[in-house]
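Q: Starting off with a structure, shown below.
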Amino acid sequence: MLSRLKFVPMRLLQAVPVAFGVTLVVFFMVHLIPGNPAESILGAQATPAKVAALTDQMGLNQPVVQQYWHFLSNLAHGNLGESYTYQVPVLTLVWQRAPVTLLLVAYSVVLMLIISIPLSMLAASRPGHVRDHAVRVIPLVGLGMPQFWVGVMLLLVFAVGTGWFPVGGYGDTMMDHLWYLFLPALTLAISISPVIIRSLRASMLNVLESDYVATARSKGAGGRSLFAGHVLRNAIIPAVSIVGVNLGYLVGGTLVIEKVFAIPGLGSMLIESIFARDFPSVQAVALFVAVFVVLVGVLTDVVYTLLDPRVDLTQRMNA
Amino acid sequence: MSVVALSRTVEPLLSVQHLTIGIPSSGGGHATLVRDVSFEVGPGVRYGLVGESGSGKSMTLKAIAGLLPRGVEVLEGEIHFDGDDVLTMSPHERRRIMGPRMAMIFQEPMTALNPTTRVGKQIAEGPRRHLGLSKADAQELAVDMIRRTGIPDPARRARAYPHELSGGLRQRIMIAMALSCKPALVLCDEPTTALDVTVQDQVLRLLAQLCDDMGSALTFVTHDLAVVSQTCSRLSVMYAGRIMEEGNVREVYEAPQHPYTEALFQSAPDFDDPGRRLAPIPGLPPSLTDPPPGCPFAPRCQYAIESCSTGSKPLVEVRHRHLSACDLADQIFGGTR
Chain Z
1 MLSRLKFVPM RLLQAVPVAF GVTLVVFFMV HLIPGNPAES ILGAQATPAK
51 VAALTDQMGL NQPVVQQYWH FLSNLAHGNL GESYTYQVPV LTLVWQRAPV
101 TLLLVAYSVV LMLIISIPLS MLAASRPGHV RDHAVRVIPL VGLGMPQFWV
151 GVMLLLVFAV GTGWFPVGGY GDTMMDHLWY LFLPALTLAI SISPVIIRSL
201 RASMLNVLES DYVATARSKG AGGRSLFAGH VLRNAIIPAV SIVGVNLGYL
251 VGGTLVIEKV FAIPGLGSML IESIFARDFP SVQAVALFVA VFVVLVGVLT
301 DVVYTLLDPR VDLTQRMNA
Chain C
1 MSVVALSRTV EPLLSVQHLT IGIPSSGGGH ATLVRDVSFE VGPGVRYGLV
51 GESGSGKSMT LKAIAGLLPR GVEVLEGEIH FDGDDVLTMS PHERRRIMGP
101 RMAMIFQEPM TALNPTTRVG KQIAEGPRRH LGLSKADAQE LAVDMIRRTG
151 IPDPARRARA YPHELSGGLR QRIMIAMALS CKPALVLCDE PTTALDVTVQ
201 DQVLRLLAQL CDDMGSALTF VTHDLAVVSQ TCSRLSVMYA GRIMEEGNVR
251 EVYEAPQHPY TEALFQSAPD FDDPGRRLAP IPGLPPSLTD PPPGCPFAPR
301 CQYAIESCST GSKPLVEVRH RHLSACDLAD QIFGGTR
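From first to last, the protein sequence lines stand for chains Z and C.
Its first residue numbered 1, the first sequence is counted upward by one per residue in full-length UniProt numbering.
Its first residue numbered 1, the second sequence is counted upward by one per residue in full-length UniProt numbering.
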């Protein structure tokens, strides 16, 4: 079992070139944004002389390639620079905010599974039946509507309207967090569930028609014992990679959703930093997200390997 | 108690009466896969259903096991097992007999085992559910069943996943699984078709021996006449969803009473007479949606006369316990043999 996980360290090393590529793109992209950090720090009233002085002091009038080299050599020492806005190391900011976003993402995945698994079982148990069509069509509405709009609607109904959930914020204790993050996590779950439901339904139908399910039936398995013992694990394997791919998309979704629900996570930090031309913060968040997506890819393969004994990724690595 | 009285009071374990299976369709023109099939299997008897692809033999077996594919239904007839009408059973009652009373071995050992579960656990599943064994006891029974199928190092094999085993080993695992609850009847759907000929022979011997040990009856579906002769004592020959001939294996082999059976023998190679030319059966089996009237084999039969294409052709006892659906059985096969 463990020998099949030998591919993990190698795959983690692959994150290094990916992260390097991301710094390259992000660094040059932020310098394409019109506007000057010095100007935003000093405000609209600042004299051009003061702005020029600060620009010079921050090294922003050096050639961009030289600035990038400077950034890389700092990065090699684990220094991502200081936030222009807050005057503290950006790493500190990222470590403060990352748990919020990671909790939001994990929460969304859990809600997504709670929504998708029963619904796809419902659809697959009677293909072509009214409930199958309902399960296939109704969630598509979630896919079709923009996330921020779904978020705002949930806010209006369940926070402003009924008062069941807070309008925004994050809370202080873990129970608080789960309560505050419920609506935003639900918004994200609604947006990716349709894809997962469809894929799970299709793979469940495949499994239900397979020979080994007939074998299980011939041993007297049926209903719950059949689903739990034979269908679910085999059906979930193809869905795992789809969840993995969609996690990247989910992280993108948190940017907007954190803004809508005023959650102090990486997404809202990124948006604020962009508006403030706080280049080091933007770079740090982008780098963190990139590494996270690579890690999710590795995690997907680990889950895949653990679920399906036929998968052996170490062989492909050696080949 | 006299021997005569004993043999007379033996109830059939499995009784299939006038079974008709089809695919109902709202637009008319529905296909009938099995038509008016009746046969009985006594306790401990090994019974063969022989026929080519599409003859309805597998569907008959699946109907008995309650495993008909989606869309295929029993349209008429009754199936009694151990005195109970299995077609009117609730799904719950059905699940209670599947395993401990009736078990099934499938054609494809490559796909019939759950790929993500260790084979020992798959064997243990039935005994845990039906015999109320603990996890450890069921696992022990599974290892013992694997040992009884002649697989060396059974404890290690029990921990293997299906993809780590060869086709022959997997089919032995299937046999161990089917017999783990000592069923009264084992249904086999071409269990050796996917195997090499050498492995096939070993698996058949093993199956016959284990069924004898446990006193289980066997209903064996195959297209291979040699396999039936090795395994079964009685057989039915099916064609186009109907039984053409039924009799004891030895008698059917020595003196077939239906032109289709005879043609089937002549189209298969015979090791006792290797120089003989194989005689293929001309033509194709009839359409299942629009079968011809009369005998379904008539259009391909070398003996056919006009009356063969009209009326129903019931199975008639032409010799002692030897039935044929051919009107002309007496004329064609009667005097000469």
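The C-beta atom is built at its ideal place from N, Cα and C for all residues, glycine as well.
What you are looking at is a predicted structure, and each value in this text was computed from that prediction instead of being measured.
On the DSSP bridge list, what partners appear for residue 79 of chain C?
A: Numbered from its first residue, the second sequence carries residue 79 of chain C at position 79. Bridge partners of residue 79 of chain C: C:16.
Q: Run through DSSP, which three-state label would residue 313 of chain Z get?
A: Along the first sequence, one-based indexing puts residue 313 of chain Z at 313. In this structure, residue 313 of chain Z counts as helix in the three-state DSSP scheme.
Q: Any Cβ of chain C within less than 7 Å of the Cβ of residue 234 of chain Z?
A: The residue you call residue 234 of chain Z lines up with position 234 of the first sequence. For residue 234 of chain Z, the answer is yes, since a Cβ of chain C falls inside 7 Å of its Cβ.
Q: Need the endpoints of the beta strand (DSSP E) that residue 102 of chain C sits in, please.
A: The sequence position of residue 102 of chain C within the second sequence is 102, counting from 1. In the DSSP annotation of this structure, the continuous segment of the beta strand (DSSP E) that includes residue 102 of chain C starts and ends at 102-105.
Q: Strictly by DSSP, which residues pair up with residue 322 of chain C?
A: Reading the second sequence from its first residue, position 322 is the one you call residue 322 of chain C. Bridge partners of residue 322 of chain C: C:319.
Q: Evaluate contact between the stretch 29-37 of chain Z and the stretch 263-278 of chain Z, counting only Cβ atoms and requiring at least three cross-stretch pairs below 8 Å.
A: yes
Q: What residue range does the beta strand (DSSP E) around residue 189 of chain C cover?
A: By 1-based counting over the second sequence, the position of residue 189 of chain C is 189. Run containing residue 189 of chain C: 185-189, per the beta strand (DSSP E) assignment.
Q: Tell me whether residue 81 of chain C is buried or exposed, calling it buried when 16 or more other Cβ atoms sit within 10 Å of its Cβ.
A: Start at 1 with the first residue of the second sequence, and residue 81 of chain C comes out as number 81. It is buried - the Cβ of residue 81 of chain C has at least 16 other Cβ atoms within 10 Å.
Q: Between residue 238 of chain Z and chain C, is any beta-carbon pair separated by less than 7 Å?
A: Reading the first sequence from its first residue, position 238 is the one you call residue 238 of chain Z. No - not a single Cβ of chain C is within 7 Å of the one on residue 238 of chain Z.
Q: What would DSSP say about residue 100 of chain Z, mapped onto helix, strand or coil?
A: Position 100 of the first sequence, counting from 1, holds the residue named residue 100 of chain Z. Helix at residue 100 of chain Z.
Q: Which residues of the stretch 110-128 of chain C have a Cβ closer than 7 Å to any Cβ of chain Z? Give them in chain order.
A: 111, 112, 113, 114, 115, 116, 125 and 126
Q: Look at residue 174 of chain C and residue 123 of chain C and say whether their C-beta atoms are less than 7 Å apart.
A: Position 174 of the second sequence, counted from the first residue, corresponds to residue 174 of chain C. Position 123 of the second sequence, counted from the first residue, corresponds to residue 123 of chain C. In this structure, residue 174 of chain C lies away from residue 123 of chain C, with their beta-carbon atoms at least 7 Å apart.
Q: Using 10 angstroms around the beta-carbon of residue 204 of chain Z, count the other beta-carbons present and answer buried if the total reaches 16, otherwise exposed.
A: To locate residue 204 of chain Z, count along the first sequence from 1; it is residue 204. So residue 204 of chain Z counts as buried.
Q: DSSP three-state call for residue 47 of chain C: helix, strand or coil?
A: Taking the second sequence and counting its residues from 1, the one referred to as residue 47 of chain C is at position 47. If DSSP states are grouped into helix, strand and coil, residue 47 of chain C belongs with the strands.
Q: Could you compute how far the alpha carbon of residue 19 of chain C sits from the alpha carbon of residue 242 of chain C?
A: Taking the first residue of the second sequence as position 1, residue 19 of chain C is located at position 19. Taking the first residue of the second sequence as position 1, residue 242 of chain C is located at position 242. Approximately 10 Å between the Cα atoms of the pair.
Q: Alpha carbon to alpha carbon, what distance is there between residue 80 of chain Z and residue 41 of chain Z?
A: Your numbering for residue 41 of chain Z matches position 41 in the first sequence. Your numbering for residue 80 of chain Z matches position 80 in the first sequence. In a straight line, the C-alpha of residue 41 of chain Z is about 19 Å away from that of residue 80 of chain Z.
Q: What residues are listed by DSSP as bridge partners for residue 239 of chain C?
A: One-based indexing of the second sequence puts residue 239 of chain C at position 239. DSSP lists C:242 as partners of residue 239 of chain C.
Q: Closest Cβ-Cβ distance between residue 95 of chain C and chain Z: below 7 Å?
A: For the purposes of this step, residue 95 of chain C is taken as the residue at position 95 of the second sequence. Yes, because at least one Cβ of chain Z sits closer than 7 Å to the Cβ of residue 95 of chain C.
Q: State yes or no: is the C-beta of residue 303 of chain C within less than 7 Å of the C-beta of residue 332 of chain C?
A: The residue labelled residue 303 of chain C in the question sits at position 303 within the second sequence. The residue labelled residue 332 of chain C in the question sits at position 332 within the second sequence. Yes; because the gap between Cβ atoms is below 7 Å, this pair is in contact.
Q: Quick check: is the beta carbon of residue 214 of chain Z nearer than 7 Å to any beta carbon in chain C?
A: Walking along the first sequence from the start, residue 214 of chain Z turns up at place 214. Taking Cβ atoms only, chain C reaches closer than 7 Å to residue 214 of chain Z, which makes this a yes.
Q: Would residue 304 of chain Z count as contacting chain C if we go by Cβ distances under 7 Å?
A: Here residue 304 of chain Z refers to the residue found at position 304 when the first sequence is read from its first residue. Answer no: the Cβ-Cβ gap between residue 304 of chain Z and chain C never drops below 7 Å.
Q: Put residue 38 of chain C into one of helix, strand or coil per three-state DSSP.
A: To locate residue 38 of chain C, count along the second sequence from 1; it is residue 38. Three-state result, residue 38 of chain C: strand.
Q: So who's on the other strand from residue 41 of chain Z, going by DSSP bridges?
A: Taking the first residue of the first sequence as 1, we reach residue 41 of chain Z at position 41. DSSP lists no partner for residue 41 of chain Z.
Q: If you follow the alpha helix (DSSP H) that residue 251 of chain Z is in, where does it begin and where does it stop?
A: Position 251 of the first sequence, counting from 1, holds the residue named residue 251 of chain Z. Residues 232-260.
Q: Looking at the structure shown, is residue 88 of chain C part of a helix, part of a strand, or coil, going by DSSP?
A: What you label residue 88 of chain C is simply residue 88 of the second sequence in a count that begins at 1. Residue 88 of chain C: helix per DSSP, three-state reduction.
Q: Just to confirm my understanding: we take residue 163 of chain C, look at its own chain, exclude 5 residues before and 5 after, and list those with CB closer than 7 Å. What are they?
A: By 1-based counting over the second sequence, the position of residue 163 of chain C is 163. Contacts found: 115.
Q: How is residue 250 of chain C classed by DSSP in three states: helix, strand or coil?
A: Counted from its first residue, the second sequence places residue 250 of chain C at position 250. Correct three-state label for residue 250 of chain C: helix.
Q: List, in chain order, every chain Z residue whose beta-carbon is nearer than 7 Å to that of residue 104 of chain C.
A: Position 104 of the second sequence, counted from the start, is the residue given in the question as residue 104 of chain C. Those within 7 Å of residue 104 of chain C in chain Z are 218.
Q: Under 8 Å: do the stretch 215-231 of chain C and the stretch 184-192 of chain C share three or more Cβ pairs, one atom per stretch?
A: yes
Q: What residues in the stretch 156-173 of chain C have a beta carbon less than 7 Å from any beta carbon of chain Z?
A: Here the close residues are 161 and 163.
Q: At least one CB of chain Z closer than 7 Å to the CB of residue 78 of chain C: is that the case?
A: As a working note, residue 78 of chain C is residue 78 in the second sequence. With 7 Å as the cut-off, residue 78 of chain C does not count as an interface residue toward chain Z.
Q: Whose CA, out of C:292, C:299, C:25 and C:179, lies closest to the CA of residue 131 of chain C?
A: Walking along the second sequence from the start, residue 131 of chain C turns up at place 131. The candidate whose alpha carbon is nearest that of residue 131 of chain C is C:179.
Q: Starting from the beta carbon of residue 108 of chain C, find every residue of chain Z whose beta carbon is closer than 9 Å, and list them in chain order.
A: The sequence position of residue 108 of chain C within the second sequence is 108, counting from 1. What residue 108 of chain C touches in chain Z: 211.
Q: Does the beta carbon of residue 136 of chain Z come closer than 7 Å to any beta carbon on chain C?
A: Locating residue 136 of chain Z in the first sequence gives position 136, counting from the first residue. For residue 136 of chain Z, the answer is no, since every Cβ of chain C falls outside 7 Å of its Cβ.
Q: Pair every Cβ in the stretch 165-184 of chain Z with every Cβ in the stretch 209-229 of chain Z, then say whether three or more of these pairs are closer than 8 Å.
A: no
Q: Do three or more CB pairs link the stretch 153-168 of chain Z to the stretch 124-142 of chain Z at distances below 8 Å?
A: no
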